[in-house]
Structures are given as structure tokens and as C-alpha cells.
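Asker: Structure provided below as C-alpha cells; questions to follow.
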């Protein structure tokens, strides 16, 4: 990789994302900005900054032709692509507010969001999305235009227009219209939280909320123009949007959009990224694949893997200043090419930084990857903070922690050790919901994250989530997410939810990995309970799972049991499997 000096464009205190984008285009117009796979030609193609700017200009003109006023809302429901970015920037140039939508979300959810935000123009992918909009036609009556990236069949709706036709009509009306940029502290986007309970809330973020978060992140991570990001988290997720879109824009790095999660392993090898922005689930899947491969490997290969992992981890701890030098480290130059480099090759062979966020990454998994030379830095954030609050760095990395606050972000521990944050990245509030805003953001600007935390040796650690702590009938408190992460280390378990609120003991619902279950033959609930017991033996005695129910139906976004960010909708899972849960406790109360 060409690690030329950082060449970030400056971020002024009152400018918008559109003006920062204009600086980037002026600085490196002919440099490749984005890459993506062309399904028609079966080739990867690239777009320069000036090409993306030209497309964004056409979007701005087309939006102006719709007669929208500054501050009106427009929405995007696309998979990651250049058009997503161009529509986003074009909307900012036109002084509009962007509402991102998850393409996999349920129709009633995005229908509610479109109505709640008062969206005027919606950009969707094509026929599939248009049909799903039709399921909630009564909720989207306020839309005045629906633009489809790919042509649809007979729409039967005068509001529907194809992307190319829409762009052309905007240029014919006034090719120079749409330059209505707003100030940096004006509302830029409304990002609806997934909502594990109740209706989603619209987080209002200004241009400066996001740009100041980018500026703080670039103060702790060196990102170069020669870096290449592989983008696979949806741009509707604030983590990907801030880091994988706006940060790369400021730094001048290239982003290549992955084809799909299913093809991600191939794309890693083809694209060969240098920086990966991910949620833990990607690392969990890779770890499970490695473990499954080792199970069928000769004992000597398994021992070599364990030796490399343990040695690499101890070398990491020594380099972090937390352990002394050991003669065993002399083996690392031999073990690295034999074992560790093969894992890096699965990621393309050039990765120098992985940033994990969005959920907690299991300590066991981070130890394994870091021990094998994959530089994972875990961070912490939430949509309401645009989103990053804290992060580990290459130089100071304690994998079990969420790192240290970003520059300019203040943190403190409130009542019940709840983590609170304040800074230029904290949201303006919730759209149309001042009561909900007042519950999480006080008059001094402190944001209540809902997560419990502690300080140790200069690092922050999440110790639990107020709303997700299970209180057993005897008063003992259990953090279910920690136990679920431990259980998911076993590739047999695809999904798990620990249960026990108000009960005398813990139980669990599990969804099995079909391929792993087939290897074992018949997997009954007794066998599953025994395997889980071995995985959680390090937890306190009261935090043991007595009984397990195996459920056949996977929990998905489509059946309403996962949020679009793949978090469990616990209340809905409990309701769906109420009878199974009652059976777990029937006649078994000690």
C-alpha cells in the first residue's frame, strides 16, 4: 500500500458535508473515490471524485426541479453503491435532509418512517422495493416522487420515475439549480434507531455532528489516500456512513462496495482492503469457519494453530507494555508465515486496521484474531452520538474494553454507573419527540447511553445495559449479552437468547447451525444444555442455564425478530415462543 502522508481536507466549524465534499473534489478530482461490481459486464469499475461530483450535481438539480424547500426530507432505500453517495451529497447541495432506510427492513417499519419524517422524495432500488412499498401504500401517501434506480414494470403510479429519466428532467429544467447548501449546525439527516421495543425514533444529526466525529476519529487513526476500505455494512447504519463514507471523503481514501455478505470472503481476496470497518458478526462467522476447519484437521495442525495464537497474543501484550519479554517470542517469526499470514490472506493480505463496533466483540474472538496478527480495535458508539464515543487504537489497545473517549468527547458515569457522553457529535434530539429527547439528553448536553460502564487503567469497559439486565427471582442480576456471546463461540449455535427475568433460574432459546448439527447427528435439548454448560462455566454459579429449548425458525428481520442492525427484538422473541418458555419453567421451580 502507498502510505503517503495523510492528506485530509480541513473541516471548518460551521461548514456542511456538501462543502467538505467540494474541497475533496477540488483537491483530488481525478483520484479514484469508489469502486463497485457491475453486474451486467461482470467487471469491477471505479469512479473518480469528479465523476461522483458530476452525478451529485445532477441529483441536486433534479431535486430542485421537484420544488422542494430547504429542510424538506428525502429518503434513500438502496444497497451500498455510488448512487447512494451521489444522492446523499446531492440532497445536501440542495439544502435537504436525508433519511436513510434499511433495504431489508419490514414494510410497516419503513412505511412508518416515511410518514413520520414527512419524506417527499424516495430513491429505491427497483421492482422488489417498489412491490414492498405497495404493501404499505396507505402509509406513503405523502410521497410526491418515487425514483427507481432500476426500471420497474407497469407501476400504475404517476409518482414513479426511473433514475436516468429523473436526472435528465432535472438537467433540462435548470442544470445549475440545487445549490442551496445549509450551515454546519443545520439538520442534515434523520436516522431512525432500530427500535428493539416500540416505534423507532428519528435521531436528528447536524452536518457538524458527523463531521466533528470524523475529525476526532482522524486524530487517533492515521488514514491515508492510499488506503482502501471494503464497504459491506449498510450505509443506513451510522457507523458505516460516518467512517466508511464521510471519513474516507475527508481523508481521500478509496471505498469499494462489496457485492453481498454471501460473497464477502471472495471480495476480501479480490479487493484486498487495507482497512475494515465491521460489526462483530463478521468476525464471529470467520472464527466459526476457522474452528470448523480445525475440527477436521490433523492434531498437529490444531496444536500449531494454538501455539501461534497464544504466542502472537503474548507478543501483542508485550508490545502494549502489559507483559515482559519471553524466549517463546523468538518462535513468532516462524509461526507468523506458517499460520498467521494464512488468516490475513483470507482478508486479502493487506489489512492493517480493523475497527469493530455496533455491538460487543467477544474477548475470546478478539484474542484469537489479534494473536494471529489481525489488528482489531474495538470501539463504542450509538446513533445519537453520530456514532463514535470511544475507541481503542493500534498503540493503546485493550480488546476487552471500549477504549478511550475520542478527542473532544467528554464522558462521565452517572447514577447506577450509566455512561454519559457530551460533545460536538451528540445529536440535536429526536425528530418530533421532545419528551423522548429530554429523557436521554439533559440541559447541559449530556447524553444518557443506557449502558453501564467502569474505568480501569485508563480504559472504559461496558459492564451491562440497564434495559437488558435480567433480574432473577432471588435478586441476582445477569447480563444476558455476555452469556450469549460466550455460547455463540460454539459453531453449533447460530442464534441464542438467554431468559430469566423474575424466574428462579436461567434458560435459553437456541437456533442451531444446520450444517454443524448434521455432523453430530441428532441434537436434542439435553445435548445442547450440556454444551452450553461448558461454554459458560466461567460465569457465577447463579448464572447457569438449567434448560434449553431448540427452535426451528431462524430469527430474522423479515419475521420481525431482529432489528435491521441485527439486534434481537427480545420482547418479540419472548412473545413468539411464549409456550416453549412456559414449558421450560413448568414444574421445575426449586
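Residue numbers (my numbering): 1 to 590.
Backbone N, C-alpha and C define an ideal beta-carbon position, used for all residues, glycine too.
Straight-line CA distance for residue 251 to residue 224?
Answerer: Locating residue 251 in the chain shown gives position 251, counting from the first residue. Locating residue 224 in the chain shown gives position 224, counting from the first residue. Those two C-alpha atoms are separated by around 6 Å.
Asker: Once you ignore the five residues that flank residue 11 on each side, which residues in its own chain have a CB closer than 8 Å to its CB?
Answerer: Numbered from 1 along the chain shown, position 11 holds the residue referred to as residue 11. Closer than 8 Å at the Cβ level, and outside the excluded window around residue 11, lie 20, 211, 212, 214, 215, 250.
Asker: Identify the residues that DSSP records as bridge partners of residue 377: which are they?
Answerer: In the chain shown, the residue the question calls residue 377 occupies position 377. The partner list for residue 377 (beta bridge, DSSP) reads 355.
Asker: Would you kindly work out how many angstroms separate the C-alpha atoms of residue 601 and residue 430, rounded to a whole number?
Answerer: Here the chain has residues from 1 to 590 only, and residue 601 is not among them.
Asker: By Cβ distance below 7 Å, which residues in the same chain neighbour residue 232 in space, the five residues on each side in sequence not counted?
Answerer: Sequence index remark: in the chain shown, residue 232 carries index 232 (1-based). Excluding positions up to five away in sequence, the list reads 258, 261, 264.
Asker: Would you call residue 3 buried or exposed, if buried means 16 or more other Cβ atoms sit within 10 Å of its Cβ?
Answerer: The residue you call residue 3 lines up with position 3 of the chain shown. Residue confidence is low: residue 3 scores 48 on pLDDT, short of 50, so the model does not pin down where it sits. Its coordinate-derived value is still stated next. It counts as exposed.
Asker: Given a cut-off of 9 Å, decide if residue 482 and residue 466 are closer than it, judged by their beta-carbon atoms.
Answerer: What you label residue 466 is simply residue 466 of the chain shown in a count that begins at 1. What you label residue 482 is simply residue 482 of the chain shown in a count that begins at 1. For residue 466 and residue 482, no; Cβs fall outside 9 Å.
Asker: By DSSP's criteria, residue 405 is part of a beta bridge. Which residues make up the other side?
Answerer: Against the chain shown, residue 405 aligns to sequence position 405. For residue 405, which the question treats as bridged, DSSP gives the partners 390.
Asker: Run the CB neighbour count on residue 189, radius 10 Å, all protein chains shown included, and call it buried at 16 or more, exposed below.
Answerer: Reading the chain shown from its first residue, position 189 is the one you call residue 189. Residue 189 should be labelled buried.
Asker: Given 8 Å as the limit, is there contact between the stretch 61-79 and the stretch 518-537, that is, 3 or more CB pairs closer than that?
Answerer: The answer is no - the stretch 518-537 does not touch the stretch 61-79, with fewer than three Cβ pairs under 8 Å.
Asker: How far does the beta strand (DSSP E) with residue 148 in it reach, from first residue to last?
Answerer: Against the chain shown, residue 148 aligns to sequence position 148. Note, residue 148: beta strand (DSSP E), 145-148.
Asker: Which value, in whole angstroms, describes the spacing of the CA atoms of residue 333 and residue 367?
Answerer: Residue mapping note: residue 333 aligns to position 333 of the chain shown, counting from 1. Residue mapping note: residue 367 aligns to position 367 of the chain shown, counting from 1. Roughly 19 Å separates the two Cα atoms.
Asker: Excluding the 5 residues flanking residue 220 on each side, which residues of the same chain have their C-beta closer than 6 Å to its C-beta?
Answerer: Taking the chain shown and counting its residues from 1, one reaches residue 220 at position 220. Excluding positions up to five away in sequence, the list reads 393.
Asker: Counting Cβ pairs, one atom from each stretch, are 3 or more of them under 8 Å apart for the stretch 229-249 and the stretch 96-105?
Answerer: Counting Cβ pairs under 8 Å, three or more are found: they touch.
Asker: Please list the terminal residues of the continuous alpha helix (DSSP H) segment that includes residue 469.
Answerer: Along the chain shown, read from residue 1 onward, the residue named residue 469 stands at position 469. That residue, residue 469, is in no alpha helix (DSSP H); it is neither H nor E in DSSP.
Asker: Whole alpha helix (DSSP H) runs in the stretch 153-237 with 4 or more residues, listed along the chain?
Answerer: For the stretch 153-237, whole alpha helix (DSSP H) runs of length 4 or above, ordered along the chain, are 163-173, 207-220.
Asker: So, is residue 455 buried or exposed, given that buried needs 16 or more other C-beta atoms within 10 angstroms?
Answerer: Within the chain shown, residue 455 is the residue found at index 455, counting from 1. Exposed: under 16 other Cβ atoms inside 10 Å.
Asker: With a 10 Å radius around its C-beta and 16 neighbouring C-beta atoms as the bar for buried, classify residue 322 as buried or exposed.
Answerer: In the chain shown, residue 322 corresponds to position 322, counting from 1. Exposed, since its Cβ has fewer than 16 Cβ neighbours within 10 Å.
Asker: Pull up the distance between the alpha-carbon of residue 440 and that of residue 8, whole angstroms please.
Answerer: Here residue 440 refers to the residue found at position 440 when the chain shown is read from its first residue. Here residue 8 refers to the residue found at position 8 when the chain shown is read from its first residue. If you take the alpha carbons of residue 440 and residue 8, they lie about 34 Å apart.
Asker: Please report the distance separating the alpha-carbon of residue 509 from that of residue 124.
Answerer: Position 509 of the chain shown holds residue 509. Position 124 of the chain shown holds residue 124. Going by the C-alpha atoms only, they are around 36 Å apart.
Asker: Once DSSP output is grouped into helix, strand and coil, what is the label at residue 421?
Answerer: Counted from its first residue, the chain shown places residue 421 at position 421. The answer is strand: DSSP assigns residue 421 an E or B state.
Asker: Who are the near neighbours of residue 181 in its chain, counting only those whose CB is closer than 8 Å to its CB and skipping five residues on each side?
Answerer: Residue numbering aside, residue 181 sits at position 181 when the chain shown is read from its first letter. The answer, listed in chain order, is 16, 18, 19, 92, 93, 95.
Asker: DSSP state of residue 261, grouped into three classes?
Answerer: If you number the chain shown from 1, residue 261 lands on position 261. If DSSP states are grouped into helix, strand and coil, residue 261 belongs with coil.
Asker: Can you check whether the CB of residue 274 is closer than 9 Å to the CB of residue 341?
Answerer: Within the chain shown, the letter at position 341 stands for residue 341. Within the chain shown, the letter at position 274 stands for residue 274. Cβ distance not < 9 Å, so residue 341 and residue 274 don't count as in contact.
Asker: Just confirm the distance between the C-beta atoms of residue 107 and residue 136, as a whole number of angstroms; I'd bet it's less than 8 Å.
Answerer: Reading the chain shown from its first residue, position 107 is the one you call residue 107. Reading the chain shown from its first residue, position 136 is the one you call residue 136. Contact holds; Cβ gap of about 5 Å.
Asker: Once the 5 residues before and after residue 23 are set aside, which same chain residues still bring their CB inside 7 Å of it?
Answerer: By one-based count along the chain shown, residue 23 stands at place 23. Hits under 7 Å: 9.
Asker: Does the distance from the C-beta atom of residue 256 to that of residue 83 stay below 9 Å?
Answerer: Position 256 of the chain shown, counting from 1, holds the residue named residue 256. Position 83 of the chain shown, counting from 1, holds the residue named residue 83. No. Outside cutoff.
Asker: Pull up the DSSP beta-bridge partners for residue 25, would you.
Answerer: Against the chain shown, residue 25 aligns to sequence position 25. None, per the DSSP bridge assignment.
Asker: According to DSSP, is residue 489 helix, strand or coil?
Answerer: Taking the chain shown and counting its residues from 1, the one referred to as residue 489 is at position 489. DSSP places residue 489 in coil when its eight states are reduced to three.
Asker: Using three-state DSSP, classify residue 33 as helix, strand or coil.
Answerer: Residue numbering aside, residue 33 sits at position 33 when the chain shown is read from its first letter. In the structure shown, residue 33 sits in a strand (DSSP, three-state: E or B).
Asker: In angstroms with no decimal places, state the Cα-to-Cα distance between residue 129 and residue 163.
Answerer: Here residue 129 corresponds to residue number 129 of the chain shown, with the count starting at 1. Here residue 163 corresponds to residue number 163 of the chain shown, with the count starting at 1. Distance between the alpha carbons of residue 129 and residue 163: 14 Å.
Asker: Bridge partners for residue 100 per DSSP, in chain order?
Answerer: Numbered from its first residue, the chain shown carries residue 100 at position 100. Residue 100 is bridged to 76.
Asker: Can you give me the Cβ contacts of residue 339 inside the same chain, cut-off strictly under 7 Å, excluding the 5 residues immediately before and after it?
Answerer: Translated into positions along the chain shown, residue 339 becomes position 339. Closer than 7 Å at Cβ, skipping near neighbours: 304, 305, 308, 372.
Asker: Helix, strand or coil: how does DSSP classify residue 105 here?
Answerer: Locating residue 105 in the chain shown gives position 105, counting from the first residue. Coil, per DSSP.
Asker: Please tell me whether residue 312 and residue 370 are closer than 9 Å, where the distance is taken between their beta carbons.
Answerer: Reading the chain shown from its first residue, position 312 is the one you call residue 312. Reading the chain shown from its first residue, position 370 is the one you call residue 370. Closer than 9 Å, so yes.
Asker: What distance in whole Å lies between the Cβ atoms of residue 374 and residue 343, which are believed to be in contact at a cut-off of 8 Å?
Answerer: One-based indexing of the chain shown puts residue 343 at position 343. One-based indexing of the chain shown puts residue 374 at position 374. Between residue 374 and residue 343 the Cβ distance is about 7 Å, and since that is below 8 Å, they are a contact.
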